[in-house]
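S.K.:
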Amino acid sequence: MICRTYSPALPLSHFVDKFWLYEGYAPAHIKERILPDGSMQLIVNLREDLTRVYDRHNTDECRSLRGSAISGAHSGFVVIDTAEQSSIIGVHFKPGGAFPFLRVPANELRNMHVSMDELWGAAGVDLRNRLLEANTPEAKFRTLEKTLLAQAAGSLTRHPALDFALREFRDMPKLRTISNVIERIGLSKRRFIQVFDERVGLTPKSFCRVRRFQRALPMIARGGRIEWADLAVDCGYFDQAHFIHDFRDFSGLNPSAYLNYRTDHLNHVRLAE
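Numbers given in our numbering equal positions in the sequence shown, counted from 1, plus 1.
(1) In chain order, which continuous runs of the beta strand (DSSP E) of length 3 or greater are located wholly inside the region 97-153?
(2) List in chain order: all unbroken alpha helix (DSSP H) runs of 4+ residues lying wholly within the region 174-260.
(3) Could you give the distance in angstroms between the alpha-carbon of residue 341 and the alpha-carbon of residue 209?
(4) Are residue 48 and residue 76 touching if we call contact CB-CB under 9 Å?
(5) What beta strand (DSSP E) runs, 3 residues minimum, are completely inside the region 24-72?
(6) On the criterion of 16 or more Cβ atoms from any shown chain inside 10 Å, does residue 230 qualify as buried, or is it exposed?
(7) Roughly how many angstroms separate the alpha carbons of residue 20 and residue 220, rounded to a whole number?
(8) Determine the direct distance from the alpha carbon of residue 67 to that of residue 118, and round the result to whole angstroms.
(9) Measuring straight from C-alpha to C-alpha, what distance separates residue 8 and residue 272?
(10) Is it the case that the Cβ atoms of residue 90 and residue 55 are separated by a distance below 9 Å?
(11) Would you mind working out which of 51, 252, 268 and 99 sits nearest residue 149, comparing C-alpha positions?
(12) Using the rule of at least 16 other Cβ atoms within 10 Å of the residue's Cβ for burial, across every protein chain shown, is residue 37 buried or exposed?
(13) Pull up the distance between the alpha-carbon of residue 134 and that of residue 83, whole angstroms please.
(14) Give me the residue from 31, 63, 73 and 34 with the minimum Cα distance to residue 107.
(15) Going by beta carbon distance, what residues of the same chain come within less than 8 Å of residue 120, once the five residues before and after it are set aside?
(16) Could you name the residues of the same chain whose beta carbon sits closer than 7 Å to that of residue 25, not counting the 5 residues immediately before and after it, in chain order?
(17) So, for residue 144: in the same chain, excluding its five sequence neighbours on each side, which residues have a beta-carbon less than 6 Å away from its beta-carbon?
(18) Would DSSP call residue 6 helix, strand or coil?
(19) Within the continuous beta strand (DSSP E) that includes residue 91, where are the two ends?
(20) Counting only the same chain and skipping the five closest in sequence on each side, list residues whose C-beta sits under 6 Å from that of residue 166.
(21) I think residue 33 touches residue 234, with their Cβ atoms under 8 Å apart; what is that distance to the nearest whole Å?
(22) Determine the burial state of residue 40: buried for a count of at least 16 other Cβ atoms within 10 Å of its Cβ, exposed for fewer.
(23) Within a Cβ cutoff of 7 Å, which residues of the same chain sit near residue 206, ignoring the five residues on either side of it in sequence?
(24) Candidates 226, 236, 237 and 113: which alpha carbon is nearest residue 277's?
(25) Grab the span of the beta strand (DSSP E) containing residue 271 for me, first residue to last.
(26) Between which two residues does the beta strand (DSSP E) carrying residue 82 extend?
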């Protein structure tokens, strides 16, 4: 299997975490849960012009889109099939980083997958064609860079209040409440929540819940004996019951089941057939 990543240069590096490319991914399981992380992704299926998203409650049913799609910020897991990942490329945006390229507020895409042609018109279709014509991973990454720069709406700048809030929520999740952050940025509570929701795709409260859940995953994945009550406190939960409730809410699993079904990627969990 080929797995390549690329970090773009400025100004895209302010908005994009990484570009990624997978070739030859062929796990034994058919479907996976993708767990939420508070960010958005642009995904292009290079194998076929198709993206399938399965019903969480009945995974025999699915919705089909074109092969180039945007995955909005999610507040729960989504189910995909692994066949689509045999040849796939994507953009993993930083939280709030997709906003300049969407042409709609990010919260309009919350918990959704949308074909790129619905957002970009013909350019959304052309993106996949240009990626197929690019012969090397490096050429494909350059194509993604050029496309994002061309599709950026206006100046590529980030809202300073949003960036400050995201840093506080990321670096000190147990010490900074939403009220603490609002007091320091000079916006009203209503305006701050509006800006955050429109640009990140989740409310501040939902985003902080997702990030707290994400803090637990690498601790669980380390293996060995896990003291669940201690882990819950370390991640900022009131107690173990609160931790388990949130974990089930975001993953559809309890923490011990996650250990049994997780893959090499923390946010990809094998779906038991």
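Built from N, CA and C at the ideal position, the CB exists for glycine as well.
M.R.: Reading from the atomic positions:
(1) The region 97-153 contains these whole beta strand (DSSP E) runs: 114-116.
(2) List check, alpha helix (DSSP H) in window: 179-186, 190-201, 205-222, 229-235 and 241-252.
(3) Outside the shown range of the chain, which is 2 to 274, sits residue 341, and nothing can be said about it.
(4) Mapped onto the sequence shown, residue 48 falls at position 47. Mapped onto the sequence shown, residue 76 falls at position 75. No. Outside cutoff.
(5) Fully enclosed beta strand (DSSP E) runs of 3 or longer: 32-35, 42-46, 52-55, 63-66 and 69-72.
(6) Position 229 of the sequence shown, counted from the start, is the residue given in the question as residue 230. Exposed, by the Cβ-count rule.
(7) If you number the sequence shown from 1, residue 20 lands on position 19. If you number the sequence shown from 1, residue 220 lands on position 219. When the Cα atoms are used, residue 20 and residue 220 turn out to be separated by approximately 25 Å.
(8) As a working mapping, residue 118 is identified with position 117 in the sequence shown. As a working mapping, residue 67 is identified with position 66 in the sequence shown. Between residue 118 and residue 67, the C-alpha separation is close to 8 Å.
(9) As a first step, residue 8 is located in the sequence shown; it is residue number 7 there, counting from the start. As a first step, residue 272 is located in the sequence shown; it is residue number 271 there, counting from the start. If I take the Cα positions, the gap works out to 30 Å.
(10) Translated into positions along the sequence shown, residue 90 becomes position 89. Translated into positions along the sequence shown, residue 55 becomes position 54. Cβ atoms of residue 90 and residue 55: not closer than 9 Å.
(11) For the purposes of this step, residue 149 is taken as residue 148 along the sequence shown, with counting starting at 1. Nearest of 51, 252, 268 and 99 to residue 149, Cα basis: 99.
(12) Against the sequence shown, residue 37 aligns to sequence position 36. By the 10 Å Cβ count, residue 37 comes out buried.
(13) For the purposes of this step, residue 134 is identified with residue 133 of the sequence shown, where counting begins at 1. For the purposes of this step, residue 83 is identified with residue 82 of the sequence shown, where counting begins at 1. When rounded, the distance between both Cα atoms is 24 Å.
(14) Numbered from its first residue, the sequence shown carries residue 107 at position 106. Nearest to residue 107 by C-alpha distance, out of 31, 63, 73 and 34, is 73.
(15) The sequence position of residue 120 within the sequence shown is 119, counting from 1. Same-chain partners within the cutoff: 71, 103, 104 and 105.
(16) Counted from its first residue, the sequence shown places residue 25 at position 24. 2, 3 and 87, listed in sequence order.
(17) Taking the sequence shown and counting its residues from 1, the one referred to as residue 144 is at position 143. Only residues of its own chain outside the window of five on either side were considered, and among them 131, 132 and 135 have a CB closer than 6 Å to the CB of residue 144, listed in chain order.
(18) Here residue 6 refers to the residue found at position 5 of the sequence shown. Of the three classes helix, strand and coil, the one that applies to residue 6 here is strand, per DSSP.
(19) Numbered from 1 along the sequence shown, position 90 holds the residue referred to as residue 91. For residue 91, the enclosing beta strand (DSSP E) stretches over residues 88-94.
(20) Here residue 166 corresponds to residue number 165 of the sequence shown, with the count starting at 1. So the list reads 182, once near-sequence residues are dropped.
(21) If you number the sequence shown from 1, residue 33 lands on position 32. If you number the sequence shown from 1, residue 234 lands on position 233. The C-beta distance from residue 33 to residue 234 rounds to 30 Å, too long to fall under 8 Å, and the pair is not in contact.
(22) The residue you call residue 40 lines up with position 39 of the sequence shown. Residue 40 counts as buried, since no fewer than 16 other beta carbons sit within 10 angstroms of its beta carbon.
(23) Here residue 206 corresponds to residue number 205 of the sequence shown, with the count starting at 1. Answer for residue 206: 179, listed in chain order.
(24) Since the first residue shown for the chain is 2 and the last is 274, residue 277 is missing from the structure and cannot be characterised.
(25) Taking the first residue of the sequence shown as 1, we reach residue 271 at position 270. In the DSSP annotation of this structure, the continuous segment of the beta strand (DSSP E) that includes residue 271 starts and ends at 269-271.
(26) Within the sequence shown, residue 82 is the residue found at index 81, counting from 1. Where residue 82 is concerned, the enclosing beta strand (DSSP E) stretches over 79-82.
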